[in-house]
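Trainee: So the numbering used here is basically just the index in the sequence shown, starting at one, shifted up by 3.
Quick reminder that beta carbons are idealized off the backbone N, C-alpha and C, glycines included.
Everything numeric in this text was worked out from a predicted model, so none of it was measured.
My questions will all concern the structure given below.
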Amino acid sequence: MQKFVIQNMGCKSNQLEGALITEKLVNSDYENVKKIEDADIFILNSCSVTHKSDNEALYILRHAKHKNPSITTVLTGCVAQLEKENLLKEDYIDIVLGNDDKLNILSFLPEKQSKVSDIMTQDTFTEVLLHDLSKTRANLKIQDGCDNRCTYCTICLARGKSRSASIPFLLKQIKIFEEAGFKEIVLTGINIGQWKRVENGVEKNLLDLLKEIEANTNIERYRLGSLNPLEINDEFLNFLSKSKKFCPHFHLSLQSLCDKTLKNMNRKNTAQDAMALIEKITSKFENAFIGADIIAGFPNETEEDFEETLSNLKKSGLIKIHTFPYSKRKNTIAASMENQVLDAEKNRRADIIKELSNEKYSEFLKNNKGKILNVMIEKKRDKTTDFLKGVSENYIPILIDSKDESLKNTIQKVIIQDTDKYVLGTIFQ
4 MQKFVIQNMG CKSNQLEGAL ITEKLVNSDY ENVKKIEDAD IFILNSCSVT HKSDNEALYI
64 LRHAKHKNPS ITTVLTGCVA QLEKENLLKE DYIDIVLGND DKLNILSFLP EKQSKVSDIM
124 TQDTFTEVLL HDLSKTRANL KIQDGCDNRC TYCTICLARG KSRSASIPFL LKQIKIFEEA
184 GFKEIVLTGI NIGQWKRVEN GVEKNLLDLL KEIEANTNIE RYRLGSLNPL EINDEFLNFL
244 SKSKKFCPHF HLSLQSLCDK TLKNMNRKNT AQDAMALIEK ITSKFENAFI GADIIAGFPN
304 ETEEDFEETL SNLKKSGLIK IHTFPYSKRK NTIAASMENQ VLDAEKNRRA DIIKELSNEK
364 YSEFLKNNKG KILNVMIEKK RDKTTDFLKG VSENYIPILI DSKDESLKNT IQKVIIQDTD
424 KYVLGTIFQ
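Okay, structure coming up:
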């Protein structure tokens with residue numbers, strides 16, 4: 004019996020695909036172990052969202068080979084898809100598998116073969132059910148790929164065209180989640196707002212999928228992955244605002260709140276579109292969590308452009324802002340743009356936004372003190388405090404001072420007592 008270690012980087016789609024790889028190997032008599040020293044095979048399911056991610060992936064592989072020189076190293080994921088020609092030359096990488104090949108890993112391991120298929124020719128979503136849920140959160144991958152062509156992004160090259168899972172497949176996977184005892188699922192993908200299918204001759208969109216999930220499953224609640232502003236309309240918000248299953252948790256792919264920068268990014272919305280959407284969400288959903296992605300120091304972003312984004316961020320109802328300095332990516336339009344911002348300046352701008360984000364999030368937590376929230380209590384206790392831990396419907400991690408093991412994997416009403424060092428709550432009687 005060969006032993007393997009797998010490490011997944013990056014997005015929830017990667018995490019789920021890593022779980023599918025693990026299940027395939029275990030079902031074929033491979034043993035999943037924790038330590039590289041004990042393994043025959045090391046699999047890295049990589050992320051390439053930034054140049055830093057690329058470097059981290061290669062460091063992890065070199066380190067694995069150093070710790071165990073006899074180990075077979077397998078690189079898959081987005082770094083493998085984008086950098087296949089260069090990676091095959093490296094002596095610390097034995098097998099390279101593309102994103103469309105990773106789920107067929109069993110075909111390549113025995114002879115140490117590499118394969119990176121042309122992802123841009125892939126037209127269908129690969130539907131593989133996940134059954135072993137013992138170590139997996141309930142992430143439901145509904146879509147892969149992206150049809151946007153943002154000037155800074157290589158994900159469309161690494162993941163291919165947008166492809167959507169069928170409704171019958173998704174309902175079947177949710178049924179498996181239900182039978183395993185999961186109370187909450189997260190709908191994830193590379194760009195879930197592009198979910199689109201023709202079912203029984205009728206074109207369906209993401210809203211239609213949500214209606215199917217609510218009508219035909221018993222899952223207690225669900226969350227949505229990242230959405231672009233123009234993918235959310237009034238009909239969509241009205242449906243969610245009346246739902247008893249939707250968690251009021253939005254994550255918006257904004258990237259900037261300056262029209263000039265948005266145009267340079269080839270984003271289709273304006274800053275006003277985004278601001279109006281945030282205002283609509285806050286008006287329709289009481290106490291909703293609204294997060295967003297922002298890139299700092301994009302090429303041609305002047306100090307005035309940055310200040311425009313910063314001013315809009317301050318005025319917005321955003322709760323948390325995930326910001327990162329612009330990362331130049333090979334084979335993108337932005338990489339060859341003039342007026343590249345210096346690294347020190349990119350980092351300075353990112354730090355300013357991070358500080359603003361911390362202030363907004365702290366204020367959000369304070370506003371939740373004394374409120375009664377519906378909290379999904381997790382199966383494992385917090386290691387630091389030994390308290391039960393859970394997540395509220397509006398995405399607040401909460402520690403609960405209780406020894407009652409029967410509360411695990413249930414949704415409970417919790418009153419928030421403190422938000423200073425930790426968010427602490429007690430079960431509401």
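Measure the alpha-carbon distance for Gly300 versus Ile63 and round it to whole angstroms.
Mentor: Straight-line Cα distance between these residues: approximately 28 Å.
Trainee: Under a three-way DSSP split, which group does Lys207 fall into?
Mentor: Three-state result, Lys207: strand.
Trainee: Measure the beta-carbon distance from Asn17 to Gly80 and round it to whole angstroms, keeping in mind my assumption that it falls under 8 Å.
Mentor: Between Gly80 and Asn17 the Cβ distance is about 6 Å, and since that is below 8 Å, they are a contact.
Trainee: Taking the continuous beta strand (DSSP E) assigned at Lys323, which residues delimit it?
Mentor: Its beta strand (DSSP E) spans residues Lys323 to Pro328.
Trainee: Quick check on Gln116: does DSSP put it in helix, strand or coil?
Mentor: DSSP places Gln116 in coil when its eight states are reduced to three.
Trainee: State buried or exposed for Val29, treating a residue as buried only when at least 16 other CB atoms are found within 10 Å of its CB.
Mentor: With fewer than 16 Cβ atoms within 10 Å of its Cβ, Val29 is classed as exposed.
Trainee: Going by the CB atoms, is the gap between Ser169 and Gln146 shorter than 8 Å?
Mentor: Their beta carbons are not under 8 Å apart, which means Gln146 does not touch Ser169 by this criterion.
Trainee: Is the beta carbon of Ile403 less than 8 Å from the beta carbon of Gly428?
Mentor: It is a contact, given that the beta carbons lie within the stated cut-off.
Trainee: Going residue by residue through the stretch 56-101, where are the continuous beta strand (DSSP E) segments of at least 3 residues, counting only ones entirely within it?
Mentor: Qualifying beta strand (DSSP E) stretches, in chain order: 75-80.
Trainee: Going by other Cβ atoms of all chains shown within 10 Å of its Cβ, with 16 needed for buried, is Gly184 buried or exposed?
Mentor: Its Cβ having fewer than 16 others within 10 Å, Gly184 is exposed.
Trainee: At what residues does the beta strand (DSSP E) containing Leu376 begin and finish?
Mentor: Ile375 to Ile380 is the extent of the beta strand (DSSP E) around Leu376.
Trainee: Verify whether the separation of the beta carbon atoms of Val378 and Gln415 is less than 8 Å.
Mentor: Yes, the Cβ-Cβ distance between Val378 and Gln415 is below 8 Å.
Trainee: Between the alpha carbons of Arg224 and Leu213, how many angstroms are there, rounded?
Mentor: Distance between the alpha carbons of Arg224 and Leu213: 11 Å.
Trainee: Let me make sure I understand the geometry here. Which of Leu230, Met12 and Ser339 has the alpha-carbon closest to that of Leu190?
Mentor: For the residues Leu230, Met12 and Ser339, the minimum Cα distance to Leu190 belongs to Leu230.
Trainee: Report the option in Glu215, Ile380 and Ile324 whose CA atom is closest to the CA atom of Ser246.
Mentor: The shortest C-alpha separation from Ser246 is found at Glu215.
Trainee: Just to check my reading of the structure: Ile399 and Ile356 have Cβ atoms closer than 8 Å, yes? What is that Cβ distance to the nearest angstrom?
Mentor: That pair is no contact at about 21 Å.
Trainee: How is the beta strand (DSSP E) around Asn48 delimited, first residue to last?
Mentor: Looking at the DSSP string, the run of the beta strand (DSSP E) that includes Asn48 is Ile44 to Ser49.
Trainee: If we count the other Cβ atoms within 10 Å of its Cβ and call it buried at 16 or more, is Ala218 buried or exposed?
Mentor: It counts as exposed.
Trainee: Less than 8 Å between the C-beta atoms of Glu34 and Met4, yes or no?
Mentor: Cβ atoms of Glu34 and Met4: closer than 8 Å.
Trainee: Within the chosen definition, does the stretch 231-239 reach the stretch 273-289 through at least 3 CB pairs nearer than 8 Å?
Mentor: With the cut-off at 8 Å, the stretch 231-239 and the stretch 273-289 touch.
Trainee: Nearest CA to the CA of Ile419: which residue from Gly21, Val394 and Ala338?
Mentor: It is Val394.
Trainee: When you compare only the Cα positions, how much space is there between Ile46 and Ser120?
Mentor: Distance between the alpha carbons of Ile46 and Ser120 is about 18 Å.
Trainee: By alpha-carbon positions, which one of Lys115, Asn71, Leu345 and Val52 ends up nearest to Leu78?
Mentor: Per the Cα distances, Lys115.
Trainee: Hey, would you say Gly294 sits closer than 8 Å to Leu321, going by beta carbons?
Mentor: It is a contact, given that the beta carbons lie within the stated cut-off.
Trainee: Going by C-alpha distance, which of Met268, Ser409 and Glu282 is nearest Asn303?
Mentor: That would be Met268, whose Cα lies nearest to the Cα of Asn303.
Trainee: CA-CA distance, Arg65 and Gly21?
Mentor: If you take the alpha carbons of Arg65 and Gly21, they lie about 20 Å apart.
Trainee: Taking only the alpha-carbon atoms, compute the straight-line gap between Val82 and Cys156 and give it to the nearest angstrom.
Mentor: In a straight line, the C-alpha of Val82 is about 13 Å away from that of Cys156.
Trainee: What's the call for Pro113, buried or exposed, on a 16-neighbour Cβ count within 10 Å?
Mentor: By the neighbour-count rule (16 or more Cβ atoms within 10 Å), Pro113 is not buried but exposed.
Trainee: Buried or exposed for Glu362, going by 16 or more other Cβ atoms inside 10 Å?
Mentor: The residue in question, Glu362, is exposed, as its Cβ has fewer than 16 Cβ neighbours within 10 Å.
Trainee: Short of 8 Å in beta carbon distance, which residues of its chain neighbour Val36, apart from the five on each side in sequence? Order them along the chain.
Mentor: Excluding sequence neighbours, Val36 sits near Lys6, Phe7, Val8 and Ala42.
Trainee: Would you tell me roughly how many angstroms separate the C-alpha atoms of Ser137 and Ala337, rounded to the nearest one?
Mentor: The alpha-carbon atoms of Ser137 and Ala337 are separated by roughly 42 Å.
Trainee: Which same chain residues, not among the five before or five after Asp57, have their C-beta less than 6 Å away from its C-beta?
Mentor: Contacts found: Ser51 and Val82.
Trainee: Can you tell me where the alpha helix (DSSP H) with Gln275 in it begins and where it stops?
Mentor: Ala274 to Lys287 is the span of the alpha helix (DSSP H), which, as asked, contains Gln275.
Trainee: Assign Glu88 to buried or exposed, taking buried as 16 or more other Cβ atoms, counted over all protein chains shown, within 10 Å of its Cβ.
Mentor: That one is exposed.
Trainee: Along the chain, which unbroken stretches of the beta strand (DSSP E) at least 3 residues long are found entirely within the stretch 362-424?
Mentor: Counting whole runs of 3 or more residues, the stretch 362-424 contains the beta strand (DSSP E) stretches 375-380, 391-395, 400-403 and 414-421.
Trainee: Give the range of the beta strand (DSSP E) segment to which Asp296 is assigned.
Mentor: From DSSP, the beta strand (DSSP E) with Asp296 extends over Phe292 to Ala299.
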